[in-house]
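In what follows, a single structure is set out as structure tokens and then discussed.
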Amino acid sequence: MSVFPLNPAQLAAVAHGAGPALVLAGAGSGKTRVITQRIARLIEVGNLPRTIAALTFTNKAAEEMQERLLGVVGPSAKDVWISTFHALGGEIVRREMPRGSAFVVYDAADTGGLIKEILRERPTEVDGKRLDSGAILARISHAKNAMCAPEELVAPGEANEYDELAAWVYPRYQAALKRLRALDFDDLILWPLQKLTEDEATREKWRAKMRYLLVDEFQDTNRAQLLLVKQLVGPSGNVFCVGDDDQSIYGWRGADIANVIDFGTHFPGAKKLALEQNYRSRRPVLEVANAIMEGQVRAFPKRLFTDREGGSPVKVVHCDSGEGEVKFVFGTIQKLLAKGYKKKEIGVLYRSNLLSRGIEEALRLNNIPYRLIGGTSVYERREVKDLIAYLRLAVYPHDEISFRRVVNYPARGIGDVTLHRLEKYSLARGVALLETAEHSATIPDLSASTRESLLGFARIVRATRGQLEKGVGLSTVAAQVARTIKLKEDIFAAGPTAVVASRRWGNVEQLLKTMDKAAATTIGEVGAVLQRLTLRFAEEEEQHQDQVTLSTLHGSKGLEFGTVFFLGCEEGIIPHSRTDAPRATDILSTIDAGEERRLFYVGVTRAKEQLYLMRAVKRAASRGGAKTTMQTRFLTLPTLPEGMMASETFNSEAPLQVVDIAAQAKRFREGLLAKKT
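So in my numbering, spot 462 of the sequence shown is number 448, and the numbers just go up one at a time.
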């Protein structure tokens, strides 16, 4: 097999021998291709595919890598372990947890509900505002990822009420997970890490499966993931990590850029390689991107270059208002579509979700299809989660989160008072809520109709488990549950229109098709499928239709578009106002200004052909009225390239004015110098 054509830097990375290597892959430099060709090279020189593994962060990335590798090496690609970190962690837990120790994976909605249950013992407000359980869960997650207690994240004397609450909740939260035999997403890293650290036989077994380990998006790893990688690699040091410190934008959720900076310390003798040739963007876009990062202190400076010369200048558009910004963007999209431009080649990016509402409304009113990255995925829809909750409860009878979700769906007259009585009975006798429902006849103060409702619910769950134990396929059982609870009838009765109801039922049908493909016929297999579906809850569902993409900057990472509209290029939006003035709910004392610059860079480098950097001169204020904005500091840098950028003003009626922004900025600076002399 051939690893050509590759550029010299890519070839050097692919041909790397044994030992650790860090590949610093600039935006659009072909990192996925390098990883797949590296795997192909390892197989070509005699390594067994089953001893090679690659880890990444999303199912989409893992599936793309598997597909590309299949095209290069053929069927042997299926023997290479390619998965997300959390999928690998889940597999280690399933294989290494003692027999009979079935566990359920809780997603963000499940753990959020658990936190709220725990917080019943505490006040419901902080500083006069309703308590944000998500802020507490975020602190707990951050602490787990950093492998410390929540109180250790805050300097002495700087803890606010949320920090103190997180420290109080943490041990109770962990105890509740243990009682419910549940793991959250972070535990899917921590449990395997602890097992590999403490058990030599387990450690050696998994190292044998991963004699060569490749890690994608290494800049997004947290401390726990780094330590897991080190345990899997062992003394051989055969780890090949690909990442870009310039695209490290997830510090707020625990990603540690120090993992890249200190790579040589963690893996002594590591070879460092850089990929700087960009295959995505035209030169004007790339020159602006380089200028943005040249003002940043970097451990590994890179300057991207491209053979894609020509192209239009990057346009900085100053609109008279937020409404004007929407009008300009939507009008330009209409012109592009009229010229035959594909909708999927258009991306609208923003730092805050609030900025997307106007353009989303315009697209919807004009029947232009769009997808919203960061919106609710199919697997997070209520009707889908309700059906999955029935199945989860059948597989894991101790799953109290699923019990609470569907014990009154469809409506059975089971309210909070009844639930409270069930919980008291359950805790007093040390049995699960489902078992408590089955013994409702012995619980005092329950009406006959309530007891019958609880028994009827328990019968549905037990019958579902009975079908699964007989080997009936998961999709068949799920369809039967949907019929039993009259899910379709309920969806269409809820409306509000037949079109909406059809779409919601279509979500259920898509779930059934996914389950059918899984072909699970045992309780263990069904549990594994449900866990994989839970891991997908955190991911946006991939869509292949021709549609405009609306995305936050964080959600846009890994995407590319022919034309990009970057909204809200203003101080207070990017960099965010909380860079200097954090809220009580924020995990970190300040938002990292360097990370905000990298986030701006990520947005710029999504564009292939044309980039519009949008600013509203006046924007609606949060308390009414309008405020005058300042252009983001990232567009006033002295390094911005002349001739590569143009400034435009846009008003509803006035003609367009075009100015070379870099030349204008240069003349302004020269004028200041002349006055001083």
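Just so you know, even glycine gets a beta-carbon here, dropped at the ideal spot from N, CA and C. Because the structure is a prediction, the values reported are computed rather than measured.
Q) Beta carbon of Leu166, beta carbon of Glu386: below 8 Å? A) Reading the sequence shown from its first residue, position 180 is the one you call residue 166. Reading the sequence shown from its first residue, position 400 is the one you call residue 386. Yes, Cβ-Cβ distance for Leu166 and Glu386 is below 8 Å.
Q. If you draw a straight line from the C-alpha of Arg601 to the C-alpha of Gly308, how long is it?
A. In the sequence shown, residue 601 corresponds to position 615, counting from 1. In the sequence shown, residue 308 corresponds to position 322, counting from 1. In a straight line, the C-alpha of Arg601 is about 8 Å away from that of Gly308.
Q) Cα-Cα, which of Gln217, Leu200, Gln453 is closest to Ala187? A) Reading the sequence shown from its first residue, position 201 is the one you call residue 187. The shortest Cα separation from Ala187 among Gln217, Leu200, Gln453 belongs to Gln217.
Q) Per DSSP, Ser307 forms a beta bridge with which residues? A) Against the sequence shown, residue 307 aligns to sequence position 321. None; Ser307 has no bridge partner.
Q) Ordered along the chain, which non-local residues of its own chain (more than five positions away) have a Cβ less than 8 Å from that of Asn493? A) Locating residue 493 in the sequence shown gives position 507, where the first residue counts as 1. Closer than 8 Å at the Cβ level, and outside the excluded window around Asn493, lie Val364, Arg367, Glu369, Val370.
Q. Taking three-plus beta-carbon pairs below 8 Å as touching, is the stretch 373 to 389 in contact with the stretch 415 to 424?
A. yes
Q) How many angstroms separate the CA atom of Asn637 from the CA atom of Gln263? A) Residue numbering aside, residue 637 sits at position 651 when the sequence shown is read from its first letter. Residue numbering aside, residue 263 sits at position 277 when the sequence shown is read from its first letter. Rounded to the nearest angstrom, the two C-alpha atoms are 39 Å apart.
Q) Hey, out of Ile68, Val155, Asp93, Ala121, whose CA is closest to Glu107's CA? A) For the purposes of this step, residue 107 is identified with residue 121 of the sequence shown, where counting begins at 1. Residue Val155 is the option with its Cα nearest to Glu107.
(Q) For Arg664, which residues in the same chain have their Cβ closer than 6 Å to its Cβ, ignoring the five residues on either side in sequence? (A) The question about residue 664 has no answer, for the chain in this structure spans -13 to 663.
Q. Of the choices Leu34, Ser488, Gly120, whose alpha-carbon is the least far from that of Asp149?
A. Position 163 of the sequence shown holds residue 149. Of the candidates Leu34, Ser488, Gly120, the one whose C-alpha sits nearest the C-alpha of Asp149 is Gly120.
Q: Can you give me the Cβ contacts of Lys310 inside the same chain, cut-off strictly under 7 Å, excluding the 5 residues immediately before and after it?
A: Position 324 of the sequence shown, counted from the start, is the residue given in the question as residue 310. Rather than Lys, the amino acid found at residue 310 in this sequence is Gly. Closer than 7 Å at the Cβ level, and outside the excluded window around Gly310, lie Ala602, Phe636, Asn637, Ser638.
Q.
Measuring straight from C-alpha to C-alpha, what distance separates Ser537 and Ser412?
A. Here residue 537 refers to the residue found at position 551 of the sequence shown. Here residue 412 refers to the residue found at position 426 of the sequence shown. Cα to Cα, the separation comes out at about 44 Å.
Q. Is the beta carbon of Leu41 sitting closer than 8 Å to the one on Asp248?
A. To locate residue 41, count along the sequence shown from 1; it is residue 55. To locate residue 248, count along the sequence shown from 1; it is residue 262. No, Cβ-Cβ distance for Leu41 and Asp248 is not below 8 Å.
Q: Counting only runs of 3+ residues fully inside the stretch 61 to 89, write out the beta strand (DSSP E) ranges in chain order.
A: 67 to 70
Q: Helix, strand or coil for Thr591, going by three-state DSSP, please let me know.
A: The residue you call residue 591 lines up with position 605 of the sequence shown. Of the three classes helix, strand and coil, the one that applies to Thr591 here is coil, per DSSP.
Q) Taking the Cβ atom as the reference point for each residue, do Cys227 and Leu8 lie within a distance shorter than 8 Å? A) Here residue 227 refers to the residue found at position 241 when the sequence shown is read from its first residue. Here residue 8 refers to the residue found at position 22 when the sequence shown is read from its first residue. Yes. Within cutoff.
Q) What is the rounded straight-line gap between the Cα of Ala244 and the Cα of Gly544? A) The residue given as residue 244 occupies position 258 in the sequence shown. The residue given as residue 544 occupies position 558 in the sequence shown. Whole-angstrom Cα-Cα distance: 21 Å.
Q) When burial is assigned at 16 or more other CB atoms within 10 Å of the CB, is Leu34 buried or exposed? A) Residue numbering aside, residue 34 sits at position 48 when the sequence shown is read from its first letter. Exposed, since its Cβ has fewer than 16 Cβ neighbours within 10 Å.
Q) Hey, out of Leu460, Val312, Pro299, Leu261, whose CA is closest to Pro287's CA? A) Reading the sequence shown from its first residue, position 301 is the one you call residue 287. Minimum Cα distance to Pro287 is reached at Leu261.
(Q) Report the CB separation of Tyr159 from Leu213 in whole angstroms; it is logged as a contact under 8 Å. (A) As a first step, residue 159 is located in the sequence shown; it is residue number 173 there, counting from the start. As a first step, residue 213 is located in the sequence shown; it is residue number 227 there, counting from the start. With a Cβ gap of about 22 Å, Tyr159 and Leu213 do not count as contacting.
Q. Between Leu460 and the rest of its own chain, which residues show a CB-CB distance below 7 Å, the 5 nearest in sequence each way excluded?
A. Along the sequence shown, one-based indexing puts residue 460 at 474. Same-chain partners within the cutoff: Met501, Ala504, Ala506, Val512, Val515.
Q) Which of the three DSSP states, helix, strand or coil, is assigned to Met(-13)? A) For the purposes of this step, residue -13 is taken as the residue at position 1 of the sequence shown. Because Met(-13) carries a pLDDT of 42, less than 50, the predicted location of this residue cannot be relied on, and the following value inherits that uncertainty. Looking at Met(-13) - three-state DSSP - the assignment turns out to be coil, as it is neither helix nor strand.
(Q) Closer than 8 Å is the cut-off here; do at least three beta carbon pairs connect the stretch 234 to 241 with the stretch 18 to 35? (A) no
Q) Who are Ile38's beta bridge partners in DSSP? A) Numbered from 1 along the sequence shown, position 52 holds the residue referred to as residue 38. Note: Ile38 sits in a beta bridge opposite Tyr198.
Q. If you count every other CB in all the chains shown that lies within 10 Å of the CB of Leu55, and 16 or more means buried, which is it?
A. Residue mapping note: residue 55 aligns to position 69 of the sequence shown, counting from 1. Answer is buried; the Cβ neighbour count reaches 16.
(Q) On a Cα-Cα basis, can you pick out the residue from Ala(-5), Arg605, Asp578, Ser426 that is closest to Glu556? (A) Residue numbering aside, residue 556 sits at position 570 when the sequence shown is read from its first letter. Nearest option by C-alpha distance: Arg605.
(Q) Helix, strand or coil for Ile559? Go by DSSP, reduced to three states. (A) Numbered from its first residue, the sequence shown carries residue 559 at position 573. Three-state DSSP puts Ile559 in coil, outside helix and strand.
Q: In the DSSP assignment, find the alpha helix (DSSP H) that holds Ser439 and state where it starts and stops.
A: Against the sequence shown, residue 439 aligns to sequence position 453. Per DSSP, Ser439 belongs to the alpha helix (DSSP H) from 434 to 455.
Q) Which whole-angstrom value describes the C-beta separation of Arg704 and Asp232, a residue pair presumed to lie in contact below a C-beta threshold of 8 Å? A) No statement about residue 704 is possible, as the shown extent of the chain runs from -13 to 663 and does not include it.
Q: For Glu82, I'd like the list of residues in its chain whose CB is within less than 7 Å of its CB, leaving aside the five on either flank, ordered along the chain.
A: Reading the sequence shown from its first residue, position 96 is the one you call residue 82. Excluding positions up to five away in sequence, the list reads Lys181, Thr188.
Q | Outcome for Val0 when other beta-carbon atoms lying within 10 angstroms are tallied against a minimum of 16 | A | What you label residue 0 is simply residue 14 of the sequence shown in a count that begins at 1. Its Cβ being crowded by 16 or more others within 10 Å, Val0 is buried.
Q: Check whether the Cβ atoms of Leu440 and Ile400 lie closer than 8 Å to each other.
A: For the purposes of this step, residue 440 is identified with residue 454 of the sequence shown, where counting begins at 1. For the purposes of this step, residue 400 is identified with residue 414 of the sequence shown, where counting begins at 1. Yes; because the gap between Cβ atoms is below 8 Å, this pair is in contact.
(Q) Contact defined as beta carbons within less than 8 Å: I believe Arg268 pairs with Gly297. What is the distance between those atoms, to the nearest angstrom? (A) Here residue 268 corresponds to residue number 282 of the sequence shown, with the count starting at 1. Here residue 297 corresponds to residue number 311 of the sequence shown, with the count starting at 1. Confirmed, Cβ separation roughly 3 Å.
Q) Considering only C-alpha positions, which residue in the set Ser15, Thr44, Ala414, Ala63 is nearest to Thr22? A) Stepping through the sequence shown from its first residue, residue 22 is reached at position 36. Ranking Ser15, Thr44, Ala414, Ala63 by Cα distance to Thr22 puts Ala63 first.
Q) Near Leu(-8), which residues of its chain fall below 7 Å by C-beta distance, leaving aside the five closest residues on each side in sequence? A) Your numbering for residue -8 matches position 6 in the sequence shown. Cβ within range, chain order: Val0, Gln23.
Q: Have a look at Gly317, Ser234, Arg469 and flag the residue whose alpha-carbon is nearest the alpha-carbon of Phe204.
A: The sequence position of residue 204 within the sequence shown is 218, counting from 1. The candidate whose alpha carbon is nearest that of Phe204 is Ser234.
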